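Shown next, in structure tokens, is the structure this report addresses.
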Amino acid sequence: MNIGLFSDTYFPQISGVATSIKTLKEALEQQGHSVFIFTTTDPHVDKNIVEPNIFRVASVPFVSFTDRRVAFRGLFQVAKIANEVKLDIVHTQTEFSMGLIGKYVAYSLKIPSVHTYHTMYEDYLHYVLNGHLLKPYHVKQFTKAYLYHMNGVIAPSRRVEDTLLRYGVKTPIRVIPTGVDISGINAAPVCDVRKQLGLSSSDYVILTLSRIAAEKKINRILDCLAILVDEFPNLKLVIAGDGPDVGPLKDQVLRLNLEKYVIFSGNVDHSNVANFYRMADLFVSASDTETQGLTYIESLSVGTPCVVYNTDYTRNIFDSSSLGFVFDTKQEMYDLIRSYILRTPNKEDDSIFQKKLSEISAETFAKNVAEFYDDVIMQYKRIK
Numbered sequence: 022m023n024i025g026l027f028s029d030t031y032f033p034q035i036s037g038v039a040t041s042i043k044t045l046k047e048a049l050e051q052q053g054h055s056v057f058i059f060t061t062t063d064p065h066v067d068k069n070i071v072e073p074n075i076f077r078v079a080s081v082p083f084v085s086f087t088d089r090r091v092a093f094r095g096l097f098q099v100a101k102i103a104n105e106v107k108l109d110i111v112h113t114q115t116e117f118s119m120g121l122i123g124k125y126v127a128y129s130l131k132i133p134s135v136h137t138y139h140t141m142y143e144d145y146l147h148y149v150l151n152g153h154l155l156k157p158y159h160v161k162q163f164t165k166a167y168l169y170h171m172n173g174v175i176a177p178s179r180r181v182e183d184t185l186l187r188y189g190v191k192t193p194i195r196v197i198p199t200g201v202d203i204s205g206i207n208a209a210p211v212c213d214v215r216k217q218l219g220l221s222s223s224d225y226v227i228l229t230l231s232r233i234a235a236e237k238k239i240n241r242i243l244d245c246l247a248i249l250v251d252e253f254p255n256l257k258l259v260i261a262g263d264g265p266d267v268g269p270l271k272d273q274v275l276r277l278n279l280e281k282y283v284i285f286s287g288n289v290d291h292s293n294v295a296n297f298y299r300m301a302d303l304f305v306s307a308s309d310t311e312t313q314g315l316t317y318i319e320s321l322s323v324g325t326p327c328v329v330y331n332t333d334y335t336r337n338i339f340d341s342s343s344l345g346f347v348f349d350t351k352q353e354m355y356d357l358i359r360s361y362i363l364r365t366p367n368k369e370d371d372s373i374f375q376k377k378l379s380e381i382s383a384e385t386f387a388k389n390v391a392e393f394y395d396d397v398i399m400q401y402k403r404i405k
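All residue numbers for the sequence shown refer to the numbering used here, where the first residue is 22 and numbers rise by one.
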């Protein structure tokens, strides 16, 4: 099958969407499919370097997210390339520039198109004029309009599916959780992150890794840490990543007198994330806006348990205390982190981890997506 993935974001940009696309591309290729990425230019990519099966369209930074790009031309160029490589299906990963180009390509080539709905936009309206311009109603109307005439939608979780159904989306939806390249992440070069960060082997290290922004609720983890360090003086929190809320979080660390317990590592290159997960004793996320939680399953893939916010997705992943716990309130998060610090691993942990790794693998992810492609193509031909 010849598959076209259309996205405004791709490596070397760092995001859950970029990671998901790269994981899907490589896993589909391993299963014998040909995958072509259509994405935006990036100032960090050398124009003289040839990227096999990756086609970049002229772009500019997006207004509210300057680290994200928007294509401003290339419609007919992309359609020409898509025709030359004989795409069988278009799979869009964004509702904006490259997503619209993908829809046009599918229409012009008379092939089906599917879409993955990655982002719960209602959770991010505050980024546009502090929430004064766009309302949830606008998200609903925009989403329905974009998905109109699509032949299928992939929802990374039941929460996303429920949202799309609430919007009144009629396009066939299939829930397919994103997978992780377990062999790839564990094959990355190993380095001693603890040593680099000035941590000792006796420190109990909690890691949170994400874009540093308000919706990630990292401030709540700091509130819990302020209480936990009284009981566990060897406790350390590593905040990995970068974003608009680094300043406010550093101010909070000073207010809570946590300077010797918190380390801001800055951005982590994707090739090094496994080392960050490995050096941690526990991964914690207080974010309640995740649709797929790639960091959670990346953490699990190297054997580090998690304490994360309770959603249908996380309940399904963390169905054993060997893997981690989910919480609803800040008090519950505090209690679970404390219980994990005191917890002694048991003999069953490893076998439970191995079983879960099979469920969240990139191979399972790609197999499920390819089956959806087949169903969509079959239905498309039947209608035509």
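Note that CB positions come from ideal geometry on N, CA and C, so glycine has one too.
As the structure is a prediction and not an experimental result, all values here were calculated from the model.
Leaving out the 5 sequence neighbours to the left and right, which residues in its chain are closer than 6 Å to Gly37 when beta-carbon positions are compared?
Result list for Gly37: Leu315, in chain order.
Is it true that the CB of Ile284 sits closer than 8 Å to the CB of Leu218?
Going by C-beta atoms, Leu218 is nearer than 8 Å to Ile284.
Looking at the structure shown, is Lys101 part of a helix, part of a strand, or coil, going by DSSP?
The answer is helix: DSSP assigns Lys101 an H, G or I state.
Helix, strand or coil for Ile70? Go by DSSP, reduced to three states.
The answer is coil: DSSP assigns Ile70 none of H, G, I, E or B.
If you draw a straight line from the C-alpha of Asp302 to the C-alpha of Val294, how long is it?
C-alpha separation (whole angstroms): 15 Å.
Look at the alpha carbon of Lys388 and the alpha carbon of Pro177, and state the distance between them as a whole number of angstroms.
The alpha-carbon atoms of Lys388 and Pro177 are separated by roughly 14 Å.
Relative to the alpha-carbon of Ile233, which residue among Pro73, Arg403, Lys271 and Pro157 has its alpha-carbon at the smallest distance?
For the residues Pro73, Arg403, Lys271 and Pro157, the minimum Cα distance to Ile233 belongs to Lys271.
Helix, strand or coil: how does DSSP classify Thr140 here?
DSSP places Thr140 in coil when its eight states are reduced to three.
Here's the rule I'm using: 16 or more other beta-carbon atoms within 10 Å means buried, otherwise exposed. How should Asn104 be labelled?
The residue is exposed, with fewer than 16 neighbouring Cβ atoms inside 10 Å.
Tell whether a beta-carbon distance below 8 Å holds between Thr137 and Gln114.
Yes.
What runs of the alpha helix (DSSP H), each 4 residues or longer, lie entirely inside the stretch 212-283?
With a minimum length of 4 residues, the continuous alpha helix (DSSP H) runs that stay inside the stretch 212-283 are 214-218, 239-252 and 267-276.
Alpha carbon to alpha carbon, what distance is there between Val289 and Ile70?
Near 23 Å, if we compare the C-alpha coordinates of Val289 and Ile70.
Expressed to the nearest angstrom, what Euclidean distance is found between the alpha-carbon atoms of Ile227 and Tyr330?
Cα-Cα distance, rounded: 15 Å.
Enumerate in chain order the residues of its own chain whose CB-to-CB distance from Val174 is below 8 Å, with the five nearest sequence positions on each side excluded.
The residues are Val135, His136, Thr137, Tyr138, Leu168, Leu185, Val190, Thr192, Pro193, Ile194 and Arg195.
Please state whether DSSP places His159 in a helix, a strand or coil.
His159 falls in the helix class under three-state DSSP.
Nearest to Phe97 by alpha carbon, out of Phe59, Lys376, Glu72 and Val66?
With distances taken between Cα atoms, Phe97 lies closest to Phe59.
Select from Asp224, Glu353, Lys165 and Glu319 the residue whose C-alpha is nearest the C-alpha of Tyr188.
Nearest of Asp224, Glu353, Lys165 and Glu319 to Tyr188, Cα basis: Lys165.
Quick check: what's the CA-CA separation for His153 versus Ser379?
Because His153 carries a pLDDT of 47, less than 50, the predicted location of this residue cannot be relied on, and the following value inherits that uncertainty. If you take the alpha carbons of His153 and Ser379, they lie about 44 Å apart.
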